[in-house]
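In this note's numbering, the protein residues as written are 32 to 307. Think of the CB as a built atom: it goes at the ideal place given N, C-alpha and C, for glycine as much as any other residue. See below for the structure under consideration.
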């Protein structure tokens, strides 16, 4: 597996900008032993000029990394009602990914009416040799494993796949180990990881369609309380299906200084190595 660092770790709460410069974050990633960066519109996206996109690509090339995936639209990580709109006009997202040298673009479906748009968008992406991927996530068509498989079969495009994300599966009351990984294997294209515990006194919450409001608390990846994601169990499942693509550190940490980002990236890399 190739380790990727999401720019999300240093995003502001609004999800539209970083708290530190992208140059600093890219340098930290390569110095800490990562292979890639996972890009979001908080750095560049469909709102950016070509010169801005070219500048970010030059930084990525300078440090010798690649971009594992692009989330090119602000609405998608915000998971709002406008999130599926990118499927209706996918070319701007494809242009962002192409400039950044990336073949994988995250999208969002919120209703069955979005399936047709996903098919058309996937066909356009295929013309450029690109893949569209959807994260397991609350409040969308990809909350539950079995329903997700149904939707993927309806989309029926070889370049439309899944981002496996065990914390979202846990949030929606789904099994996230080897059994699930074998069910989604034909569509498995990326892995995101966060750590959290579902708890009634959680400081945060997300609304799910399948289980209603879910209060939760984020935990460090290396938490040993046994309350959150069982990462050894998760990793044994990934090994069982012989997964060798990107594994992305994706937790929202709101890091505000380069020193804190460096310390966090180093500790996450050590944690990943301990699992491997």
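Residue i (DSSP reduced to helix, strand or coil)
i: residue 238; result: strand
i: residue 165; result: strand
i: residue 8; result: The structure shown has nothing for residue 8, since the chain only spans 32 to 307.
i: residue 195; result: strand
i: residue 97; result: strand
i: residue 33; result: strand
i: residue 42; result: strand
i: residue 69; result: strand
i: residue 49; result: strand
i: residue 219; result: strand
i: residue 138; result: strand
i: residue 102; result: strand
i: residue 295; result: helix
i: residue 77; result: coil
i: residue 308; result: The structure shown does not extend to residue 308, since the chain is modelled only from 32 through 307, so no value can be given for it.
i: residue 189; result: coil
i: residue 59; result: helix
i: residue 182; result: helix
i: residue 150; result: helix
Nearest neighbour of residue i, chosen from the options [CA to CA]
i: residue 262; options: 225, 295, 68; result: 225
i: residue 37; options: 157, 84, 232, 277; result: 277
i: residue 222; options: 207, 146, 111; result: 207
i: residue 138; options: 129, 120, 45; result: 120
i: residue 241; options: 122, 177, 269; result: 177
i: residue 40; options: 293, 297, 286, 155; result: 286
i: residue 174; options: 243, 117, 216; result: 243
i: residue 303; options: 64, 55, 148; result: 64
i: residue 254; options: 192, 299, 113; result: 299
i: residue 272; options: 296, 209, 284; result: 209
i: residue 190; options: 203, 204, 93, 159; result: 159
i: residue 82; options: 59, 109, 127; result: 127
i: residue 134; options: 122, 156, 252; result: 156
i: residue 231; options: 239, 283, 247, 218; result: 247
i: residue 130; options: 140, 91, 106; result: 91
i: residue 283; options: 73, 59, 55, 104; result: 73
i: residue 161; options: 179, 136, 140, 142; result: 136
i: residue 84; options: 45, 53, 249; result: 53
i: residue 112; options: 233, 164, 141; result: 141
i: residue 251; options: 236, 233, 227; result: 227
i: residue 60; options: 194, 290, 275, 179; result: 290
Residue i Cβ short of 7 Å to the ligand SAM heavy atom set
i: residue 288; result: Summarising the ligand content, the structure contains no ligands, and the ligand SAM is consequently not present.
Burial state of residue i (16 or more Cβ within 10 Å)
i: residue 264; result: exposed
i: residue 115; result: buried
i: residue 42; result: buried
i: residue 258; result: exposed
i: residue 211; result: buried
i: residue 281; result: buried
i: residue 33; result: exposed
i: residue 245; result: buried
i: residue 204; result: exposed
i: residue 104; result: buried
(message) Three or more C-beta pairs under 8 Å: does that hold for the region 77-87 against the region 195-202?
(response) Contact between the region 77-87 and the region 195-202 is absent, with fewer than three C-beta pairs closer than 8 Å.
(request) Starting from the N-terminal side, write out each stretch of the beta strand (DSSP E) that is 3 residues or longer and does not extend beyond the region 224-293. (result) Whole beta strand (DSSP E) segments, 3+ residues: 227-229, 235-239, 243-249, 277-280.
(request) Report yes or no: do the region 66-75 and the region 92-106 share at least 3 C-beta pairs separated by less than 8 Å? (result) The answer is yes - the region 92-106 touches the region 66-75, with three or more Cβ pairs under 8 Å.
(message) Does the contact criterion of 3 or more C-beta pairs under 8 Å hold for the region 143-151 versus the region 184-194?
(response) Taking 8 Å as the limit for Cβ pairs, the verdict is that the region 184-194 does touch the region 143-151.
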